[in-house]
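Here is the structure we will look at.
In my numbering, the protein residues as written are 253 to 342.
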């Protein structure tokens with residue numbers, strides 16, 4: 253999703269993305285039946301994965317913070333703030 257989103261943005265566009273770790277980590281890492289991610293290392297891995305996707309697609313990640321609002325089931329979610337870079341000419 254991130255590459256497609258960044259692909260339609262103009263350079264300088266600012267994005268705020270909601271990172272939902274339960275959808276970013278592997279199925280085996282989600283607690284059985286509840287979909288809750290409580291391991292801080294998995295939170296970090298989810299944020300790192302979305303950061304890498306943004307950077308590879310042409311955006312600079314400025315900040316990632318914990319969302320002040322948890323998900324419906326109590327999952328900690330994160331807000332990622334990024335800026336789309338100038339397109340590189342080949």
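Cβ coordinates follow ideal geometry from the N, Cα and C atoms, glycine included.
Starting from the C-beta of residue i, find all residues in its chain whose C-beta is less than 6 angstroms away, skip the five residues before and the five after it, and write them out in chain order.
i, result
"residue 316", "299, 330, 332"
"residue 280", "none"
"residue 292", "none"
"residue 301", "276"
Below 8 angstroms on the Cβ atoms is my guess for residue i versus residue j; work out the distance and round it to an integer in Å.
i, j, result
"residue 289", "residue 277", "6 angstroms"
"residue 314", "residue 334", "6 angstroms"
"residue 326", "residue 272", "Between residue 272 and residue 326 the Cβ distance is about 12 angstroms, and since that is not below 8 angstroms, they are no contact."
"residue 274", "residue 282", "6 angstroms"
Which one or two residues does DSSP pair with residue i in a beta bridge?
i, result
"residue 330", "271, 318"
"residue 311", "336"
"residue 266", "335"
Starting from the C-beta of residue i, find all residues in its chain whose C-beta is less than 8 angstroms away, skip the five residues before and the five after it, and write them out in chain order.
i, result
"residue 255", "305, 308, 309"
"residue 303", "313, 316, 332"
"residue 319", "270, 328, 329, 330, 331"
"residue 263", "336, 337, 338, 339"
Can you tell me where the alpha helix (DSSP H) with residue i in it begins and where it stops?
i, result
"residue 256", "254 to 259"
Please decide whether residue i counts as near chain B, where near means a Cβ-Cβ distance under 9 angstroms.
i, result
"residue 289", "The displayed structure is made up of one protein chain only, and chain B is not part of it."
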